[in-house]
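Taken in order, the sequence shown gives residues 18 to 363; the numbers are from our numbering.
Each residue gets a CB set at the ideal place from its N, CA and C atoms; glycine is no exception.
Every value quoted in this text rests on a predicted model; they were computed, and no experiment measured them.
Shown next, in structure tokens, is the structure this report addresses.
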Amino acid sequence: MANFGSDNASGVHPKIIEAMALSASGMAPAYGVDELTKSVEQRLASLFETDVTALLVGTGTAANCIGLATFCSPFGGIFAHAESHIANDESTAPELYTGGARQFTVGGDDAKPNLEELVQKIDVSGARGVHSVEPAVIAISNLTELGARFSPDEIAAYSELAKSLGMKLFIDGARFANAVAGESDSPADLTWRAGVDALSFGATKNGAMAAEAIVFFNKSAAVNAERIRKRGGHLWSKHRFLAAQFDAFLDDDLWLANARHANQMGQSLKSQLQAIPGIEFASVSEANELFVRMPKPQAEALWECGHAFYEWPSLEGTYRLVTSFTTEQAEVDAFCADLRALATDG
Ligand SMILES: Cc1ncc(COP(=O)(O)O)c(C=O)c1O
Numbered sequence: 018m019a020n021f022g023s024d025n026a027s028g029v030h031p032k033i034i035e036a037m038a039l040s041a042s043g044m045a046p047a048y049g050v051d052e053l054t055k056s057v058e059q060r061l062a063s064l065f066e067t068d069v070t071a072l073l074v075g076t077g078t079a080a081n082c083i084g085l086a087t088f089c090s091p092f093g094g095i096f097a098h099a100e101s102h103i104a105n106d107e108s109t110a111p112e113l114y115t116g117g118a119r120q121f122t123v124g125g126d127d128a129k130p131n132l133e134e135l136v137q138k139i140d141v142s143g144a145r146g147v148h149s150v151e152p153a154v155i156a157i158s159n160l161t162e163l164g165a166r167f168s169p170d171e172i173a174a175y176s177e178l179a180k181s182l183g184m185k186l187f188i189d190g191a192r193f194a195n196a197v198a199g200e201s202d203s204p205a206d207l208t209w210r211a212g213v214d215a216l217s218f219g220a221t222k223n224g225a226m227a228a229e230a231i232v233f234f235n236k237s238a239a240v241n242a243e244r245i246r247k248r249g250g251h252l253w254s255k256h257r258f259l260a261a262q263f264d265a266f267l268d269d270d271l272w273l274a275n276a277r278h279a280n281q282m283g284q285s286l287k288s289q290l291q292a293i294p295g296i297e298f299a300s301v302s303e304a305n306e307l308f309v310r311m312p313k314p315q316a317e318a319l320w321e322c323g324h325a326f327y328e329w330p331s332l333e334g335t336y337r338l339v340t341s342f343t344t345e346q347a348e349v350d351a352f353c354a355d356l357r358a359l360a361t362d363g
């Protein structure tokens with residue numbers, strides 16, 4: 018049976034478990050001043066081809082919120098798509114970490130914030146000077162929450178807007194690896210070269226046990242990040258285990274190999290689904306997250322067969338199917354065979 022519930026439902030890559038086990042003996046300085054942590058920061062700088070400030074944390078919510086709070090004061094505003102994880106799936110953590118900043122959301126195809134709407138919303142929100150909210154951050158996600166990729170030019174359009182208004186551009190990169198894998202744009206092209214100030218670079222969904230890096234390209238604006246992480250309870254004492262995960266994740270481009278596999282499985286699923294009558298796509302679904310419209314009785318019958326996946330709450334009649342680094346071709350084929358049979362019967 019297929020499990021397309023979430024890439025978070027996948028396990029841990031053996032190389033990452035092995036790296037953690039290898040780090041387990043002996044003493045190492047606590048709180049992130051160990052040699053492995055320092056070398057991971059250097060490795061991230063090499064990967065992104067520029068000097069960075071990189072902080073490791075254990076959850077994507079922490080990575081996003083510490084990153085946002087670094088750029089946004091309690092009286093600031095964060096502007097993102099209405100489907101964004103920060104607006105829908107992080108409770109009020111962004112508000113908690115920033116000390117009360119307000120989130121504003123806009124629409125846009127495939128969960129890419131519509132630029133005109135953004136301009137308008139930013140304009141209106143900050144129009145009353147001291148009485149209003151100070152526009153601080155534009156936040157996008159790559160992959161987007163509807164499984165789409167951004168091109169460097171698209172990202173540059175947001176950064177130009179942000180810079181023209183004295184704001185910062187932040188990327189939620191919980192699935193950044195899936196945005197990079199199989200494409201010609203480099204991590205640098207998709208971030209600082211396109212004007213991005215910081216990225217949360219996710220590893221958890223893509224092979225780690227619990228590890229995310231907040232990568233600041235705008236180092237001068239990142240001075241408070243470490244204190245915000247500490248204050249928020251996300252400075253791990255046995256930090257070497259976060260570093261060990263990231264070290265193995267970066268070794269031999271494991272992060273890319275895992276994401277490439279997840280994307281290939283996603284696209285194999287997509288091409289089989291496209292050939293099934295009555296199945297439509299609610300988004301471009303370019304990598305490992307597919308958003309599929311199907312009649313509810315068919316979804317229920319698939320659940321009855323034992324396949325796992327969720328209905329997407331904000332899009333009526335739409336189901337999210339997520340593949341991961343552990344997805345097998347047999348799962349994809351079994352799911353499609355069952356759906357094909359249901360479509361023929363129905
Ligand atoms: C787009 C996006 N951002 C961030 C996260 C990270 O969230 P968590 O705090 O659950 O690790 C997720 C996880 O589902 C996500 O889908």
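- Item | CA-to-CA distance, Thr67 to Arg210, given in whole angstroms | 10 Å
- Task: Compare the beta carbon distance of Thr87 and Ala238 with 8 Å and say whether it is the shorter of the two.
- Result: yes
- Task: Measuring only between beta-carbons, confirm whether Ala318 sits less than 8 Å from chain C.
- Result: The structure shown contains no chain C; it holds only a single protein chain.
- Query: Taking C-beta to C-beta, are Ala360 and Ile293 nearer than 8 Å?
  - Reply: yes
- Message: Assuming Lys236 is part of the alpha helix (DSSP H), what are its boundary residues?
- Response: Careful: Lys236 lies outside any alpha helix (DSSP H) and carries neither H nor E.
- Query: Looking at the structure shown, is Ser203 part of a helix, part of a strand, or coil, going by DSSP?
  - Reply: coil
- Query: Does the Cβ-Cβ distance between Val154 and Leu72 come in under 8 Å?
  - Reply: no
- Message: By the three-class DSSP mapping on this structure, what secondary structure does Val123 have?
- Response: strand
- Item | Whole runs of the alpha helix (DSSP H) within the region 270-352, excluding any shorter than 4 residues | 271-291, 313-322
- Message: Beta-carbon within less than 7 Å of Ala104's beta-carbon, same chain only, minus the 5 sequence neighbours each way: which residues are those?
- Response: Ala97, Gln120, Thr122
- Message: Going by the DSSP bridge assignment, what does Gly190 pair with across the sheet?
- Response: Phe218
- Since Ala118 and Pro91 are thought to touch, with beta carbons under 8 Å apart, how far apart are those beta carbons, to the nearest angstrom? 6 Å
- Message: At 4 residues or longer, what runs of the alpha helix (DSSP H) sit wholly inside the region 159-190?
- Response: 169-181
- What is the DSSP secondary structure of Asn81, counted as helix, strand or coil? helix
- Task: Consider the C-beta atom of Gly77 and the heavy atoms of ligand 1; say whether any pair is separated by less than 7 Å.
- Result: yes
- Over the uninterrupted alpha helix (DSSP H) stretch that includes Ala265, give me the two end residues. 257-267
- Message: Only counting the same chain, and skipping five residues up and downstream in sequence, which positions put a Cβ closer than 6 Å to that of Leu216?
- Response: Ile188, Gly190, Thr208, Val232
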